[in-house]
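Participant:
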Amino acid sequence: MADVLLREQKGEGITLLTLNRPEAMNCFNFDLLGALGDAVREANFDPGLRCLIITGAPADNPKKASFSTGADLIERRTMPPDQVRRFIFTIRNLFTSVEQLRVPVIAAVNGFAFGGGTELALACDLRIAASNVVMGLTETSLAIIPGAGGTQRLPRIVGLAKAKELIYTARRINAQTALDIGLVNRVVEPEKLIEAACELAREIAANGPVAVAQAKFAINCGMDAPLSVALPLESKAYEITIPTKDRLEALAAFAEKRKPNFKGE
286 MADVLLREQK
296 GEGITLLTLN
306 RPEAMNCFNF
316 DLLGALGDAV
326 REANFDPGLR
336 CLIITGAPAD
346 NPKKASFSTG
356 ADLIERRTMP
366 PDQVRRFIFT
376 IRNLFTSVEQ
386 LRVPVIAAVN
396 GFAFGGGTEL
406 ALACDLRIAA
416 SNVVMGLTET
426 SLAIIPGAGG
436 TQRLPRIVGL
446 AKAKELIYTA
456 RRINAQTALD
466 IGLVNRVVEP
476 EKLIEAACEL
486 AREIAANGPV
496 AVAQAKFAIN
506 CGMDAPLSVA
516 LPLESKAYEI
526 TIPTKDRLEA
536 LAAFAEKRKP
546 NFKGE
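Each number in the numbering used here corresponds to the 1-based position in the sequence shown with 285 added.
#1: Strictly by DSSP, which residues pair up with Ser-351?
#2: Count the CB pairs spanning the region 343-360 and the region 307-315 that are closer than 8 Å, and state whether there are at least three.
#3: Could you check what DSSP says for Ala-415 in three-state terms: helix, strand or coil?
#4: Classify Ile-359 as buried or exposed, calling it buried when 16 or more other Cβ atoms lie within 10 Å of its own Cβ.
#5: Ignoring anything shorter than 4 residues or poking outside the region 462-501, list the alpha helix (DSSP H) runs there in chain order.
#6: Quick one: what's Glu-293 bridged to in DSSP?
#7: Below 8 Å on the Cβ atoms is my guess for Ala-463 versus Ala-414; work out the distance and round it to an integer in Å.
#8: Are the Cβ atoms of Ala-515 and Gly-507 separated by less than 8 Å?
#9: Find the nearest neighbour of Leu-411 within the set Ser-513, Ala-455 and Ala-486, judged by alpha-carbon distance.
#10: Write down the C-beta distance between Glu-556 and Ala-503 rounded to the nearest angstrom, noting that I regard them as a contact closer than 8 Å.
#11: What residue range does the beta strand (DSSP E) around Gly-435 cover?
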């Protein structure tokens, strides 16, 4: 039986996680949720990690290429209500752990991303889409609602009115529309997707690891707070960077006209 999640190092400090159920369009079952949860927990304690990339395994049939089409509806049909509740609890907490990972997470979105697939992308810090992408929070067409953070994260990314329109209609949108409304950061050709994600990851990894982590913390925690609360959060995050060896290394490198060698210390 093939591993449902693949891990690959894509350079120093960069890990690629690939959802590996291409025969099922990389949809989520309990096995995949468990494997992804384990990988995210391990990533949180990896001192060398600078950036995480998540993508979906390619399909043999290019027309079925998928980042993830959300919950495994075949599995879902056999679940009693209590097990459905357990699944939603598991996937919601998992995506929150992705969002709260100390390093930036990039979603390299390929092909179809529906329901939980789009919700996973929303939980990532940055999203790069292949030009063949079709995305959507399609749950209302199944008489449910987005239950893994979609009703909360989509409005924060694309705005309240647009998010309501997309969720109420269960509309599927293409890559260009996703770019136009700010759902994704950029669009590239499918064959260039992973390299584009790795290039962005390398750009992030070149900076001070403690600083990047604290920037993520300050942005995420301050986003929904009033400035009277958010600015002190920023101040505390800045304070953590002051005694680091990396800050002194950056100043020395500037004076010596060389690239800094950051250690995350």
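Every residue gets a Cβ at the ideal spot worked out from N, C-alpha and C, and that includes glycine. As the structure is a prediction and not an experimental result, all values here were calculated from the model.
Facilitator: In terms of the structure at hand:
#1: Ser-351 pairs with Phe-397.
#2: Yes, they touch.
#3: In this structure, Ala-415 counts as strand in the three-state DSSP scheme.
#4: Exposed, since its Cβ has fewer than 16 Cβ neighbours within 10 Å.
#5: You should have 478-490.
#6: Bridge partners of Glu-293: Leu-301.
#7: Between Ala-463 and Ala-414 a beta carbon distance of about 6 Å is seen, short of the 8 Å cut, so the two are scored as contacting.
#8: Contact: yes.
#9: The candidate whose alpha carbon is nearest that of Leu-411 is Ala-486.
#10: Residue 556 is absent from the model: the chain starts at 286 and stops at 550.
#11: Premise fails: Gly-435 lies in the alpha helix (DSSP H), 435-443, not in any beta strand (DSSP E).
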